[in-house]
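*Asks:*
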Amino acid sequence: MQQTLVLIKPDGVQRGLIGEIIKRFEQRGLKIIGLKLVWVDEKFAEKHYEEHTGKPFFKELTSFLMEGPVTAIVLEGKQCIKFVRKIVGNTKPQDAIPGTIRGDFAHNLGPGGRNMIHASANEPDAKKEIKLWFNNKEIFDYLRADQSHHYKK
Ligand code: IDP
Ligand code: MG
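Sequential numbering from 489 applies to the sequence shown in the working numbering.
1. Tell me the DSSP secondary structure of residue 564 in three-state form.
2. Could you give the C-beta distance for residue 563 and residue 502, rounded to a whole number, given that I count them as a contact under 8 Å?
3. Please check the pair residue 509 and residue 589, which I expect to be a contact at CB under 8 Å, by giving their CB distance rounded to whole angstroms.
4. Does residue 587 come out as helix, strand or coil in the three-state DSSP assignment?
5. Report whether the distance from the Cβ of residue 609 to the nearest heavy atom of the ligand MG is below 6 Å.
6. Would you mind working out which of 560, 556, 513 sits nearest residue 574, comparing C-alpha positions?
7. Which term fits residue 586, buried or exposed, when burial requires 16 or more other beta carbons within 10 angstroms of its beta carbon?
8. Report the rounded CA-to-CA distance for residue 600 versus residue 489, giving the unit in angstroms.
9. Along the chain, where does the beta strand (DSSP E) that runs through residue 607 open and close?
10. DSSP puts residue 616 in a beta bridge; with which residues?
11. When the Cβ atoms of the segment 525-541 are set against those of the segment 574-583, are three or more pairs found closer than 8 Å?
12. Please indicate yes or no: does the CB of residue 541 lie closer than 6 Å to some heavy atom of the ligand IDP?
13. Which residue or residues does DSSP assign as beta-bridge partners of residue 496?
14. Evaluate the contact criterion for the segment 517-531 versus the segment 539-557: three or more CB pairs, one atom per stretch, below 8 Å.
15. Classify residue 522 as helix, strand or coil using the three-state DSSP reduction.
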């Protein structure tokens, strides 16, 4: 089973949409195996967005991530990295299809890229990001009662 990191960025938390966003993953059968609120500092924000270092929007992006608490989530499910990105929608809210999280709740990227949510892009990134945001004791292995429905043999 694959695992991926999702962050509800400060705009999503401040707008009171944590529950609405988490619900969308839960109802698709994705299992929450880690969940917490974190308020990151500059060093941590720069580490998370390391791949964008040097880009014109980097400073605004890291400042935005530090603006308030972020909801950090580890999701588990079959092929979930791609699947979660599909639920999240296009990076630019105006190109995000309605029905996706960015397509339903975000409007304009603006400075810092206020698009509600982050999701790991691929397997190496997911592994690296989960390790950055969570320690082993914060990730739980348990059985969801509806698992047999989603993964019928
Ligand atoms: P992703 O979040 O869909 O994977 P990336 O290209 O990895 O998109 O960019 C990381 C984040 O940087 C975006 O989610 C968005 O917040 C921000 N961002 C990306 N492109 C721009 C831009 O052109 N202007 C401002 N912010 C941007
Ligand atoms: Mg990305």
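The beta-carbon is built from N, C-alpha and C at its ideal position, and this holds for glycine as well. What you are looking at is a predicted structure, and each value in this text was computed from that prediction instead of being measured.
*Replies:* Let me lay it out:
1. To locate residue 564, count along the sequence shown from 1; it is residue 76. In the structure shown, residue 564 sits in a strand (DSSP, three-state: E or B).
2. Translated into the one-based positions of the sequence shown, residue 563 becomes position 75. Translated into the one-based positions of the sequence shown, residue 502 becomes position 14. The pair is not a contact, with the Cβ atoms about 22 Å apart (cut-off 8 Å).
3. Residue numbering aside, residue 509 sits at position 21 when the sequence shown is read from its first letter. Residue numbering aside, residue 589 sits at position 101 when the sequence shown is read from its first letter. Right, their Cβ atoms sit about 6 Å apart.
4. The count along the sequence shown starts at 1 and reaches residue 587 at position 99. If DSSP states are grouped into helix, strand and coil, residue 587 belongs with coil.
5. Here the question's residue 609 lines up with position 121 in the sequence shown. Answer for residue 609: yes, Cβ within range of the ligand MG.
6. Residue numbering aside, residue 574 sits at position 86 when the sequence shown is read from its first letter. Here the closest residue by C-alpha is 513.
7. Taking the sequence shown and counting its residues from 1, the one referred to as residue 586 is at position 98. When all chains shown are included, residue 586 counts as exposed.
8. Translated into positions along the sequence shown, residue 600 becomes position 112. Translated into positions along the sequence shown, residue 489 becomes position 1. In a straight line, the C-alpha of residue 600 is about 33 Å away from that of residue 489.
9. Your numbering for residue 607 matches position 119 in the sequence shown. 605-607 is the extent of the beta strand (DSSP E) around residue 607.
10. Counted from its first residue, the sequence shown places residue 616 at position 128. Paired residues: none, contrary to the question.
11. no
12. The residue given as residue 541 occupies position 53 in the sequence shown. Not so, every heavy atom of the ligand IDP lies at least 6 Å from the Cβ.
13. As a first step, residue 496 is located in the sequence shown; it is residue number 8 there, counting from the start. BP columns for residue 496 point to 559, 605.
14. yes
15. Sequence index remark: in the sequence shown, residue 522 carries index 34 (1-based). Here residue 522 sits in strand by DSSP.
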